[in-house]
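Chains as they are written, first to last, in the working numbering: chain C, 1346 to 1475; chain E, 6 to 111; chain H, 1399 to 1517.
Beta carbons: idealized from backbone N, C-alpha and C, even for Gly.
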Amino acid sequence: MAEEYEDEFDGPIKRFLFVNRKAPYGSIYALESLEVVLISAAFDQDISLVFMDDGVYQIAKDQDTEAINMKNFSRTYRALDGYDVEKLYVEKESLEARGLKEEDLLVDVEVLNSKQLGKLMNAQDVVITS
Amino acid sequence: MSGDTKMLHMVNKSPFEKTALSSCLRIAESGSAILLFEDAVYAALQNTSVANEIVNCLKNLQVYILGPDLAARGMSNKPIIDGVKTIDYDGFVDLVAEYDAVHSWL
Amino acid sequence: MKFGILVNEGPFTHQSSDSAYQFANAAIKKGHEITRVFFYHDGVNNSNKLSEPQSDDRNLVQLWSEMAEKNGVELIVCVAAALRRGIKDEILAPGFQISGLGQLIEAGIEADRLVVFGD
Chain C
1346 MAEEYEDEFD GPIKRFLFVN RKAPYGSIYA LESLEVVLIS AAFDQDISLV FMDDGVYQIA
1406 KDQDTEAINM KNFSRTYRAL DGYDVEKLYV EKESLEARGL KEEDLLVDVE VLNSKQLGKL
1466 MNAQDVVITS
Chain E
6 MSGDTKMLHM VNKSPFEKTA LSSCLRIAES GSAILLFEDA VYAALQNTSV ANEIVNCLKN
66 LQVYILGPDL AARGMSNKPI IDGVKTIDYD GFVDLVAEYD AVHSWL
Chain H
1399 MKFGILVNEG PFTHQSSDSA YQFANAAIKK GHEITRVFFY HDGVNNSNKL SEPQSDDRNL
1459 VQLWSEMAEK NGVELIVCVA AALRRGIKDE ILAPGFQISG LGQLIEAGIE ADRLVVFGD
């Protein structure tokens, strides 16, 4: 693979996994975890995001936070590919348990079942959870 | 880099309070280990409604429990599930060093 | 071995900070290096020098400060999370520094293991 530009970050590349298991707005973890992901993009690492359990709700469409007076940060998930963070995975079982389908999600993801996800999550160097 | 990482899964919430343990068990691969600490130590006791899940996962995974957290909660004299190994903070450090990476189920 | 630690919760409300501290302490005694302890979410509250627990109870803020002083452990508090929660330079306990999230990612890159403590 030809280098099209010079990497600014000159060091080892590790596989970073960000795991999201919590719903948005009921707690700050979804928002603050996303802030870490955005910063991590500057370090040229191999970044993956997993949304499972209530974490799948973080990327549900049609979030309207006006009446609860909180910042709607859901659009930021769509900006991730602009930061070269493109590996977004969702657990099939978590979607099904919540009656959700892929079309209910606001960003392109790869849906994996538990076994496939287990394999992926097992092959990581640094796992950051919140 | 191969996908042969040996992962240490850390679970610190009670299985009766949160789904962290059940999600961990759904995902953890054969050859991994689970450390139960803080409120998750209750999961290692015999005769609970989750005991069978631990008994089953022991076929594929190592399960450890942090002794100090068990003692703090007055459970040191209660029987723990056969095959679960009790360690202290020194053992916790050794475990993190022994496994390739750590996944905290929060 | 080099360990990085991430603490996601504040002192006392959750056991996370205690568990992280006990782990770090044991690691140092065994001759390992704690490259950095990064405090995020409510974890930033571990840096508040105004914390005054009961006199017969452990003082977590002080314990972390002492660990920084005795062992040169870097205690980094995330600036954005800190500002939200009113943690500013003027109330930082000794040994704590406010810095950016990049320090967390760097800790993940530089350490052999990153261990996360939270809820």
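Item to check | Any chain C beta carbon closer than 9 Å to G1500(H) | outcome: yes
Item to check | Buried or exposed (CB count within 10 angstroms, at least 16 for buried), Q51(E) | outcome: exposed
Checklist entry - Which one of K1400(H), E1450(H), D1455(H), C1476(H) has the shortest CA to CA distance from E1407(H)? => result C1476(H)
Item to check | When D44(E), V16(E), N65(E) are compared against R78(E), the one with the closest alpha-carbon | outcome: D44(E)
Next on the checklist: Please classify Y1350(C) as buried or exposed, where buried requires at least 16 neighbouring CB atoms within 10 angstroms.
Outcome noted: Note that Y1350(C) has pLDDT 42, beneath the 50 cutoff, so the model's placement of it is unreliable and the number below is only indicative. Classification of Y1350(C): exposed, given that the 10 Å Cβ count is below 16.
Next on the checklist: What would DSSP say about M1415(C), mapped onto helix, strand or coil?
Outcome noted: coil
Next on the checklist: Give me, in chain order, the residues of the same chain whose beta-carbon lies closer than 6 Å to that of P20(E); leave out the 5 immediate sequence neighbours on both sides.
Outcome noted: L26, A48, V55
Checklist entry - Buried or exposed: where does G1441(H) fall if 16 or more other Cβ atoms within 10 Å of its Cβ makes it buried? => result buried
Checklist entry - Of all the options N1458(C), Q1461(C), D1429(C), which has the alpha carbon lying nearest to the alpha carbon of F1388(C)? => result D1429(C)
Checklist entry - Are F1361(C) and S1385(C) touching if we call contact CB-CB under 9 Å? => result yes
Next on the checklist: Assuming contact is defined by CB atoms lying nearer than 9 Å, are I1437(C) and N1467(C) in contact in what I supplied?
Outcome noted: According to the sequence as given, residue 1437(C) is Lys; it is not Ile. In this structure, N1467(C) does not lie closer than 9 Å to K1437(C) by Cβ.
Checklist entry - Along the chain, which unbroken stretches of the alpha helix (DSSP H) at least 4 residues long are found entirely within the stretch 1459–1514 of chain H? => result 1477–1482, 1500–1508
Next on the checklist: I'd like the list of long-range same chain contacts for K1416(C), defined as Cβ closer than 8 Å, with 5 residues on each side in sequence excluded.
Outcome noted: L1376, T1410
Next on the checklist: Suppose contacts are defined by Cβ-Cβ distances below 9 Å. Is L1479(C) in contact with R1423(C) by that definition?
Outcome noted: This structure cannot speak to residue 1479(C), because chain C is shown only from 1346 to 1475.
Item to check | Three-state secondary structure (DSSP) of Q67(E) | outcome: strand
Item to check | Where E1450(H) falls: helix, strand or coil (DSSP) | outcome: coil
Checklist entry - Looking only at its own chain, which residues have a Cβ that is under 8 Å from the Cβ of Q1495(H), when we skip the five neighbours before and after it? => result E1472, L1473, I1474, V1475
Item to check | Proximal residues of chain C, C-beta to C-beta of L1388(H) below 9 Å | outcome: Outside the modelled stretch of chain H, which goes from 1399 to 1517, sits residue 1388(H), for which no answer is possible.
Checklist entry - Between M6(E) and V68(E), what straight-line distance do the alpha-carbon atoms span, to the nearest angstrom? => result Only weak support is given to the placement of M6(E): the predicted model assigns it a pLDDT of 43, under 50, and the value that follows is read from those uncertain coordinates. If you take the alpha carbons of M6(E) and V68(E), they lie about 26 Å apart.
Checklist entry - Do the stretch 1502–1511 of chain H and the stretch 1395–1402 of chain C make contact, defined as three or more Cβ pairs closer than 8 Å? => result no
Checklist entry - Relative to chain H, which residues along the stretch 1385–1403 of chain C have a C-beta separation below 8 Å, given in chain order? => result S1385, A1387, F1388, Q1390
Item to check | DSSP three-state assignment for I1384(C), whether helix, strand or coil | outcome: helix
Checklist entry - In terms of residue numbering, what span does the beta strand (DSSP E) encompassing F21(E) cover? => result Counting along the chain, F21(E) falls outside any beta strand (DSSP E), and DSSP gives it neither H nor E.
Item to check | Cβ neighbours of D1510(H) in the same chain (closer than 8 Å, five flanking residues each side left out) | outcome: M1399, K1400, F1401
Checklist entry - Where does the unbroken beta strand (DSSP E) through A106(E) begin, and where does it stop? => result 106–110
Item to check | Closer than 8 Å at the beta carbon, the chain C residues around A102(E) | outcome: The contacting residues do not exist; A102(E) stays about 15 Å from chain C at best.
Checklist entry - Is any beta-carbon of chain H found at less than 9 Å from that of M6(E)? => result For M6(E), the predicted model reports a pLDDT of 43, less than 50, meaning its position is unreliable; a value from the coordinates is still stated below. Chain H, which has no Cβ nearer than 9 Å to the Cβ of M6(E), makes this no.
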